[in-house]
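Under our numbering, think of the first position of the sequence shown as 7, with each following residue one higher.
Idealized CB from N, CA, C, for every residue including glycine.
If you're wondering where the values come from, they're calculated on a predicted model, not measured in any experiment.
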Amino acid sequence: MGFITTVSRSGREVFACEIGKDGCARTGCTKHRCPYGWCQRYYVCKACWAKPDVKALFTKRGGKHETCRVNSDAYRKRDIEADALRESGHLLRVAALNKDKKGVHVIFRGKDGVEAGRYMPKSVYDGIPIGTNATIEDYEKIAGCVLSTAPTSFY
Ligand SMILES: [Zn+2]
Ligand SMILES: [Zn+2]
């Protein structure tokens, strides 16, 4: 959700109310937080906020912040899954650097900050999308072989 700004009478750029197709454009807005703590804060003027249907847009399921709810749920789920994986001794992908000839150098981190590095072909690396928990075992399954060891830092 982008901010709508306007120029106030004193010539300063200020936040305008974002209700309506192009924003109702009133200034003197109140700052509100995303109900799911996901997106940036947003600005709605007092007159709009006083309308129950407007307020519902922001606070109800399926409203303006529905994608925030979906994203924050997915994020929380991924976090819980990551904790469980680390607890059970797996190391998770934390960083990667494409080194062309050697393939992608990937660094993994597990419980108590234990680290490991592996080299893998780009096609193997691309097999697990960014933002997904990825373990060394997941990549070895994709590669169909044991991956060669790499340093735990890029340089
Ligand atoms: Zn939001
Ligand atoms: Zn308004």
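| Check | Outcome |
| --- | --- |
| How far does the alpha helix (DSSP H) with residue 139 in it extend, from its first residue to its last? | Element bounds for residue 139: n/a, residue is neither H nor E. |
| Beta strand (DSSP E) containing residue 98: first to last residue? | 98–104 |
| List the residues that DSSP assigns as beta-bridge partners of residue 48. | 38 |
| Return the CA-CA distance between residue 38 and residue 17, expressed in angstroms with no decimal places. | 24 Å |
| So, are the CB atoms of residue 160 and residue 111 less than 8 Å apart? | yes |
| If you reduce the DSSP assignment to three classes, tell me which class residue 125 lands in. | strand |
| Consult DSSP for residue 114 and reduce its assignment to one of helix, strand or coil. | strand |
| Can you tell me whether residue 160 is helix, strand or coil according to DSSP? | coil |
| CA-CA distance, residue 43 and residue 108? | 41 Å |
| Span of the alpha helix (DSSP H) holding residue 90? | 72–93 |
| Please report the distance separating the alpha-carbon of residue 25 from that of residue 54. | 7 Å |
| Beta carbon of residue 32: closer than 7 Å to some heavy atom of ligand 2? | yes |
| What three-state label does DSSP hand residue 65 in the structure shown? | helix |
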